[in-house]
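Student: In the working numbering, the protein residues as written are 28 to 312. Note that the Cβ used here is the ideal one computed from N, Cα and C, for glycine as well. No experiment lies behind these values; they were computed from the predicted model shown. Here's a structure for you.
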């Protein structure tokens with residue numbers, strides 16, 4: 028494994044000396060909750076989030092930051108998490124099978140697992156943590172993506188969680204499930220949400236929000252530890268198609284080509300069942 032893997036961000040230590048652990052993002056100093064777009068811009072300005080390449084304004088979403096794939100990927104034998112005091116680079120030395128160059132595009136085969144160092148890294152201060160989730164376009168293609176960080180001095184790493192005051196690189200674990208995909212350096216598969224403090228959303232707060240903006244059109248609403256999500260299998264306005272099933276032997280999809288492929292080449296339509304229920308076959312997407 029190349030010795031450069033653990034040194035992806037050589038300037039991180041220098042930047043840390045400048046920012047330290049002080050909470051110099053003034054408008055967020057006493058805030059609690061998910062940091063919105065204007066707060067993310069302040070985090071970038073104060074180098075709490077850094078990057079190998081300059082970040083673009085289009086990476087900033089209303090309450091999240093798009094993360095970009097770096098130049099290389101590592102095909103690994105299995106999914107893993109770094110333990111206490113371990114780094115992702117430590118684990119890659121044990122589990123990596125080969126290195127893949129993403130500049131110009133590379134094939135990520137279905138049902139294989141890859142680790143990709145991301146262009147972004149973080150230098151979080153006190154009361155600052157993060158969590159990640161796949162972008163909706165990633166989920167619609169059944170590409171399984173999880174964020175990984177290095178382990179801490181007292182805690183092991185957790186998938187999709189950036190612990191409080193974490194300082195270091197970010198990685199994506201990628202495993203295509205329904206289709207093989209072609210990925211390029213700079214592609215955005217997941218997004219990071221930054222959190223201040225430890226906010227909670229009570230059922231009473233959810234009910235007040237529902238009264239104010241309407242979280243659902245359902246006539247009977249059940250808010251109990253969150254808001255349940257249901258699927259409508261009856262069709263909308265007489266439309267017979269209620270969904271699509273991924274074809275098991277379709278070609279590869281280049282993730283960067285939005286609106287490029289014909290639906291029929293990759294999906295079979297599912298009609299509304301007469302019984303009102305739908306049987307999902309194991310392994311289908």
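#1: I'd like the ranges of any alpha helix (DSSP H) spanning at least 4 consecutive residues and lying wholly in the region 204 to 292.
#2: Going by DSSP, name the residue or residues bridged to residue 133.
#3: Determine the direct distance from the alpha carbon of residue 254 to that of residue 207, and round the result to whole angstroms.
#4: Find the nearest neighbour of residue 75 within the set 155, 261, 61 and 260, judged by alpha-carbon distance.
#5: Contact check, residue 178 vs residue 111 under 8 Å by CB: the rounded distance?
#6: With a threshold of 16 other CB atoms inside 10 Å of the CB of residue 126, please say whether the residue is buried or exposed.
#7: Taking the beta strand (DSSP E) that residue 106 belongs to, which residues open and close that run?
#8: Check each candidate in 204, 83 and 242 and name the one with the smallest Cα separation from residue 278.
#9: Shortest alpha-carbon distance to residue 274 belongs to which of 193, 168, 80 and 97?
#10: Assuming residue 66 is part of the alpha helix (DSSP H), what are its boundary residues?
#11: Put residue 119 into one of helix, strand or coil per three-state DSSP.
#12: Is the region 175 to 194 touching the region 144 to 159, taking contact as three or more C-beta pairs under 8 Å?
#13: When the Cα of residue 264 is compared with those of 233, 251, 299 and 290, which residue comes out closest?
#14: Using DSSP bridges, identify the partner residues of residue 75.
#15: Just to confirm my understanding: we take residue 218, look at its own chain, exclude 5 residues before and 5 after, and list those with CB closer than 7 Å. What are they?
#16: Between the alpha carbons of residue 189 and residue 70, how many angstroms are there, rounded?
#17: Roughly how many angstroms lie between the CA atoms of residue 13 and residue 266, to the nearest whole one?
#18: With a 10 Å radius around its C-beta and 16 neighbouring C-beta atoms as the bar for buried, classify residue 97 as buried or exposed.
#19: At 4 residues or longer, and completely inside the region 130 to 178: list those alpha helix (DSSP H) runs for me, N to C.
#20: Quick one, which of 198, 308, 137 and 222 has its alpha-carbon nearest residue 272's?
#21: Going by Cα to Cα distance, which pick from 183, 59 and 228 is closest to residue 113?
#22: What does the alpha-carbon distance come out to for the pair residue 64 and residue 72?
#23: To the nearest angstrom, report how far apart residue 269 and residue 297 are at their CA atoms.
#24: Would you call the CB atoms of residue 135 and residue 236 closer than 8 Å?
#25: Spatial neighbours of residue 243 within its chain, please: C-beta separation below 8 Å, excluding the five flanking residues on both sides.
#26: Below 8 Å between beta carbons: does that hold for residue 199 and residue 172?
#27: So is residue 227 buried or exposed if we call it buried at 16+ other beta carbons inside 10 Å?
#28: Using only CA atoms, which one of 261, 241, 230 and 77 lies nearest to residue 252?
#29: So, at 7 Å on beta carbons, what are the nonlocal neighbours of residue 86 in its own chain, with the 5 sequence-adjacent residues on each side left out?
Tutor: Walking through what the data contain:
#1: Correct list: 230 to 240.
#2: Answer by DSSP bridge pairing, in chain order: 210.
#3: Taking the Cα positions, residue 207 is about 34 Å away from residue 254.
#4: The residue with the shortest Cα to Cα distance from residue 75 is 155.
#5: At roughly 5 Å, the Cβ-Cβ gap stays under 8 Å, so residue 178 and residue 111 are in contact.
#6: When all chains shown are included, residue 126 counts as exposed.
#7: Residue 106 -> no beta strand (DSSP E), and no H or E assigned at all.
#8: Looking at the Cα atoms, 204 is the closest of the given residues.
#9: Considering only alpha carbons, the answer is 168.
#10: Unbroken alpha helix (DSSP H) run through residue 66: 64 to 72.
#11: The DSSP-derived three-state label of residue 119 is helix.
#12: Judged by Cβ distances under 8 Å, the region 175 to 194 makes contact with the region 144 to 159, as three or more pairs qualify.
#13: Considering only alpha carbons, the answer is 299.
#14: Partner residues in a beta bridge of residue 75, as assigned by DSSP, do not exist.
#15: Contacts found: 88, 91, 92, 93, 94, 159, 160 and 162.
#16: The C-alpha of residue 70 is placed about 15 Å away from the C-alpha of residue 189.
#17: The chain is shown from 28 up to 312; residue 13 falls before or after that span and cannot be answered.
#18: By the neighbour-count rule (16 or more Cβ atoms within 10 Å), residue 97 is buried.
#19: Runs of the alpha helix (DSSP H) inside the region 130 to 178: 163 to 167.
#20: The shortest Cα separation from residue 272 among 198, 308, 137 and 222 belongs to 308.
#21: Of the listed residues, the one whose Cα sits closest to residue 113 is 183.
#22: Each residue's alpha carbon lies about 13 Å from the other.
#23: So the alpha carbons of these two residues sit roughly 6 Å apart.
#24: No; because the gap between Cβ atoms is not below 8 Å, this pair is not in contact.
#25: Counting only Cβ-Cβ distances below 8 Å, and skipping sequence neighbours, we find 237 and 254.
#26: The answer is yes: Cβ separation under 8 Å.
#27: Residue 227 comes out exposed.
#28: Ranked by how close their Cα comes to the Cα of residue 252, the residues 261, 241, 230 and 77 have 230 in first place.
#29: Excluding positions up to five away in sequence, the list reads 92 and 93.
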